[in-house]
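Protein chains in written order, with my numbering: chain R, 1 to 415; chain A, 416 to 830.
Think of the CB as a built atom: it goes at the ideal place given N, C-alpha and C, for glycine as much as any other residue.
Step one of this worksheet: look at the structure below.
2 protein chains.
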Amino acid sequence: MGQLSINGNRLWDRLDELAQIGAIPETIGSSRLALTKEDGRARDLVVSWMKDLEMDVTVDGIGNVVGVWHGPKTDTALRPVMTGSHIDTVRSGGRFDGNLGVLAGLEVVQTITEMGVSSRHPIAVGFFTGEEGARFAPDMLGSLVYVGALDLETALNTVGVDGEVLGDELERIGYAGRAMCPGVIPEAFIELHIEQGPVLETEGITIGAVESVQGISWTEITIEGQSNHAGTTPMSMRRDAGYVAGEISTHVRQIANQIGGTQVGTVGKIDLHPNLVNVVASKASMTVDLRNTSEMILRESESYLATFCEEISEKENVTISSKSLARFEPVEFDNKLIETISSTADNLGFSNRRMTSGAGHDAQILARVCPSAMIFVPSKGGLSHNPEEYTSLEEVSAGANVLLHAILNVAGECS
Amino acid sequence: MGQLSINGNRLWDRLDELAQIGAIPETIGSSRLALTKEDGRARDLVVSWMKDLEMDVTVDGIGNVVGVWHGPKTDTALRPVMTGSHIDTVRSGGRFDGNLGVLAGLEVVQTITEMGVSSRHPIAVGFFTGEEGARFAPDMLGSLVYVGALDLETALNTVGVDGEVLGDELERIGYAGRAMCPGVIPEAFIELHIEQGPVLETEGITIGAVESVQGISWTEITIEGQSNHAGTTPMSMRRDAGYVAGEISTHVRQIANQIGGTQVGTVGKIDLHPNLVNVVASKASMTVDLRNTSEMILRESESYLATFCEEISEKENVTISSKSLARFEPVEFDNKLIETISSTADNLGFSNRRMTSGAGHDAQILARVCPSAMIFVPSKGGLSHNPEEYTSLEEVSAGANVLLHAILNVAGECS
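Shown next, in the form of structure tokens:
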């Protein structure tokens with residue numbers, strides 16, 4: 001191990017070429033919502049690269065694309081070791097999120113091919129449909145169908161934020177494929193991704209060996225009080241939905257601080273009604289985003305929130321209702337794979353640490369059917385879902401080299 | 416005193432007839448923004464009633480309408496005792512706010528005429544242009560011009576929320592009059608108005624003798640932090656503008672509770688950006704409405720708010736800027752007039768209390784040039800600026816009777 005090395009510039013150039021499709025003017029970012037014309041053109045480009053590498057390309061019923069590579073000494077009866085990610089973006093996205101994982105997979109295959117190396121297991125590189133969920137909910141839709149956790153028919157009938165039906169859009173761009181869903185279960189799944197957070201950059205560490213994905217709990221809270229004149233209504237007679245929203249918002253911070261560890265809590269959305277300077281708000285709706293790597297502690301945080309809402313609704317004489325918008329249990333990745341990633345990074349001389357992913361990824365869905373794990377590289381300023389998203393050539397190359405050697409380790413290198 | 420009594424049903428019918436202009440379907444409310452076609456028709460109706468009562472009607476340069484009544488024994492060289500209010504409404508308004516004060520003034524004149532009573536001073540009933548400020552800012556615009564606190568030219572050039580120029584709209588409805596502004600300084604000004612708050616109803620009291628109007632301080636606060644992923648950004652690395660908005664909102668309540676007395680504080684408007692469930696808000700803008708009857712204490716509350724903003728901006732590493740949107744000093748009404756209103760209510764057998772107005776009224780502007788005061792009657796549920804605004808026939812009649820006898824007291828009853 002250590003001799004083989006990917007071609008960082010070639011990977012960098014492919015990232016750049018892919019980013020030109022749906023490029024956001026005057027930025028290095030891209031806008032390629034799932035199954036739009038731009039997504040279609042991006043798929044065509046990546047498929048053409050797969051074919052250049054003589055991979056067998058299949059497209060399944062939800063548009064997931066998988067390219068499989070066989071070396072001269074590969075046993076094609078074995079399950080493939082799979083890598084990949086997604087190439088759709090949020091409306092105002094960056095060029096690394098998802099794309100890096102897919103193109104690094106191709107770079108791994110090209111390096112192996114050019115160096116005359118082979119592997120016992122086939123190597124598969126996939127990109128899954130609609131990971132971002134920005135046009136069609138839920139996020140990670142393609143991988144959910146791939147593992148059989150979401151019914152194909154249901155997924156095809158999904159209506160997007162623009163009113164279009166997923167199945168129609170898939171047909172329109174020519175990616176309603178024939179491969180079966182659920183798809184082939186891989187031997188293992190390893191995804192390279194940018195961190196999308198500030199931890200690696202802040203600590204000056206190059207590689208994250210991701211051992212878990214935080215559980216996510218999204219709650220929409222609606223507070224109903226009474227609209228009143230801000231001047232003529234004594235404080236004691238108010239039923240102020242806006243004030244209660246403020247109390248809940250600050251309490252969410254308290255919950256996160258009190259629990260500590262990986263617990264985070266965010267109120268990112270607040271809407272008051274009528275939202276006027278001199279009217280006590282009659283209604284407020286807000287969202288609470290709670291995350292933890294432990295399902296038990298995540299439930300505890302949800303329960304703290306619910307208790308607080310009960311107490312303040314009584315105290316302030318308002319009605320509070322809440323609705324779960326999304327709920328994912330935490331995911332633990334495969335210990336052996338995490339260890340492989342750490343030791344690979346050590347061997348290549350890259351500083352590394354175990355860490356948690358705060359965001360959702362296809363790998364957490366694949367983890368339901370096979371040993372899975374992720375490799376993180378730093379995000380400048382922690383920025384993501386933003387055209388300014390940036391990871392340096394050196395960091396991208398480091399991540400792709402760890403991916404290369406981790407895959408060869410699992411797939412069985414044979415020279 | 417006590418024999419003379421207004422005709423409650425006649426007043427009630429006029430309130431109803433006026434409310435038909437701009438009536439909001441399926442409610443008892445009206446929509447008559449200042450200087451719209453509906454306002455023009457309402458003005459025509461009220462002017463026709465003034466003429467029926469043989470009042471001398473003048474219209475000034477900003478469209479304020481004043482009808483002056485002389486009895487057989489009136490000394491026309493004396494300054495008139497004035498009453499009145501406004502007949503414009505907010506977009507979705509009630510039938511009592513403003514209208515009651517104007518039509519009760521006409522009812523007072525009609526009662527005096529029919530009963531063969533006279534007064535030493537002339538009696539004037541006025542309605543001022545654009546009191547609500549809902550189409551053309553500032554509110555109380557007409558009375559500000561009447562007392563010379565706002566320049567006529569400036570007022571005529573005001574651009575409304577719909578982009579129309581006030582002077583053009585005034586011409587269009589035929590109310591660009593020739594009477595001079597500033598107008599004649601009255602001997603005294605007494606305004607009957609609904610409370611627009613819950614105090615009288617809650618305490619079961621019929622008449623409020625308004626002794627002061629709260630000072631008003633409106634501040635717009637803008638918080639700039641940093642947009643971040645709600646999952647991947649540790650709590651300690653956040654610069655969360657949404658959280659800081661919540662802290663300020665709850666602190667405003669604390670300021671009000673700590674100061675106590677007439678102090679109120681409201682955060683009625685909060686806007687987060689980008690306002691998404693899974694993104695830490697980069698920016699928040701919000702308004703703070705602070706009111707107190709004491710200028711000194713109002714300044715204290717403003718200073719508490721400013722100090723808190725400084726502290727939290729440092730603690731949370733966000734930038735906070737603030738801008739004054741409106742600032743009115745508190746107004747104290749005339750002691751002798753307040754006493755006259757209280758004793759009149761006592762003599763008529765109506766329960767009454769001294770109180771503060773939390774809302775702005777034309778009387779507080781007239782107070783700059785002559786002794787002024789107000790009479791409040793209850794608002795059902797404290798509701799106002801709402802089609803459901805309601806005050807009963809009995810309460811309306813009580814208020815108009817107090818107005819009648821208070822005016823006669825000041826104007827000098829001569830039978």
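Residue burial classification, R/Leu393 (beta-carbon count within 10 angstroms, cutoff 16)
exposed
Proximity winner among R/Ala179, R/Glu132 and R/Arg91, relative to R/Val66 (alpha-carbon distances):
That would be R/Ala179, whose Cα lies nearest to the Cα of R/Val66.
Report the partner residues of R/Ile223 according to the DSSP bridge assignment.
R/Ala284 and R/Ile320
What span of residues does the alpha helix (DSSP H) with R/Ser397 cover, start to end?
Annotation for R/Ser397: the continuous alpha helix (DSSP H) segment containing it runs Leu393 to Ala411.
Taking A/Val695 as the query, report the chain R residues whose CB atoms sit under 8 angstroms from its CB, ordered along the chain.
Thr266 and Gly268
Should R/Met55 be labelled buried (16 or more other beta-carbon atoms within 10 Å of its own) or exposed?
So R/Met55 ends up on the buried side.
Unbroken alpha helix (DSSP H) runs of length 4 or more, entirely within the segment 186-263 of chain R: which are they?
199-203 and 241-259
Beta bridge counterpart(s) of A/Val483 as assigned by DSSP:
A/Asp471 and A/Ala539
Judging by CA-CA distance, which residue of A/Gly499, A/Thr806 and A/Phe723 is the nearest neighbour of A/Gly444?
A/Thr806
Would A/His608 count as contacting chain R if we go by Cβ distances under 7 angstroms?
Not one chain R Cβ lies under 7 angstroms of A/His608.
Can you pull the chain A residues whose beta carbon is under 9 angstroms from the beta carbon of R/Trp218, in chain order?
Val692 and Asn693
Touch check for the segment 512-526 of chain A and the segment 745-755 of chain A: three-plus C-beta pairs under 8 angstroms?
No: fewer than three Cβ pairs fall under 8 angstroms.
For a quick check, are the C-beta atoms of A/Gly683 and R/Leu276 less than 7 angstroms apart?
Yes, they are a contact pair.
Going along chain A in order, which residues have a C-beta closer than 9 angstroms to the C-beta of R/Val331?
What R/Val331 touches in chain A: nothing, since even the nearest Cβ is about 13 angstroms away.
Are the beta-carbon atoms belonging to R/Ala411 and R/Ile6 less than 7 angstroms from one another?
No; because the gap between Cβ atoms is not below 7 angstroms, this pair is not in contact.
Bridge partners - R/Ala417, DSSP secondary structure assignment:
No information on residue 417 of chain R is available, as it lies outside the stretch 1 to 415 that chain R covers here.
Which residues in chain R have a C-beta closer than 8 angstroms to the C-beta of A/Thr648? List them in chain order.
Gly197, Pro198, Val264, Gly358 and Gly382
For R/Glu271: DSSP bridge partner residues
Contrary to the premise, residue 271 of chain R reads as Asp rather than Glu in this sequence. R/Asp271 pairs with R/Ser285 and A/Asp686.
Just reading off the beta strand (DSSP E) that A/Arg768 is part of, what are its end residues?
DSSP places A/Arg768 inside the beta strand (DSSP E), whose first and last residues are Asn767 to Ser772.
A/Gly797: buried (16+ other C-beta within 10 angstroms of its C-beta) or exposed?
buried
Which residues, in chain order, does the segment 652-678 of chain A contribute to contact with chain R at a C-beta distance below 7 angstroms?
Met652, Gly657, Tyr658, Gly661, Glu662, Ser664, Thr665, Arg668, Ala671 and Asn672
By the criterion of Cβ-Cβ separation under 7 angstroms, what are the contact partners of R/Asn228 in chain A?
Among the residues of chain A, those whose CB is under 7 angstroms from the CB of R/Asn228 are Gly797, following chain order.
At least one CB of chain R closer than 7 angstroms to the CB of A/Asp459: is that the case?
no
Quick check on R/Arg291 - is its C-beta less than 7 angstroms from some C-beta in chain A?
yes
Could you say which of R/Asp44, R/Gly148, R/Val165 and R/Ile24 lies nearest to R/Phe136 if we only look at CA atoms?
R/Val165
Under 8 angstroms between beta-carbons, which chain A residues line up against R/His385? List them in chain order, please.
His644 and Val694
Are the C-beta of R/Thr391 and some C-beta of chain A separated by less than 7 angstroms?
Not one chain A Cβ lies under 7 angstroms of R/Thr391.
Under 7 angstroms between C-beta atoms, does R/Thr89 make it to chain A?
Not an interface residue.
By a C-beta neighbour count over all protein chains shown, 10 Å radius and 16 as the cutoff for buried, is R/Met296 buried or exposed?
So R/Met296 ends up on the exposed side.
Chain R within 7 angstroms of A/Thr442, Cβ atoms only
Not one beta carbon of chain R lies nearer than 7 angstroms to the beta carbon of A/Thr442.
Using a C-beta to C-beta distance shorter than 8 angstroms, which residues of chain R count as neighbours of A/Leu740?
Val277, listed in chain order.
Should R/Val68 go down as buried or exposed, given a rule of 16 or more other Cβ atoms within 10 Å for buried?
buried
Would you mind working out which of R/Glu314, R/Glu311 and R/Asp289 sits nearest R/Glu302, comparing C-alpha positions?
R/Asp289
Could you tell me which residues DSSP puts in a beta bridge with A/Val574?
A/Val580
For chain R, check one thing: does any of its Cβ atoms lie closer than 7 angstroms to the Cβ of A/Met567?
Checking the sequence shown, residue 567 of chain A turns out to be Leu, not Met. So no, A/Leu567 is outside the interface.
Residues in the same chain with beta-carbon distance under 6 angstroms from R/Ser351, minus the five sequence neighbours each way, listed in chain order, please.
Ile205 and Thr206
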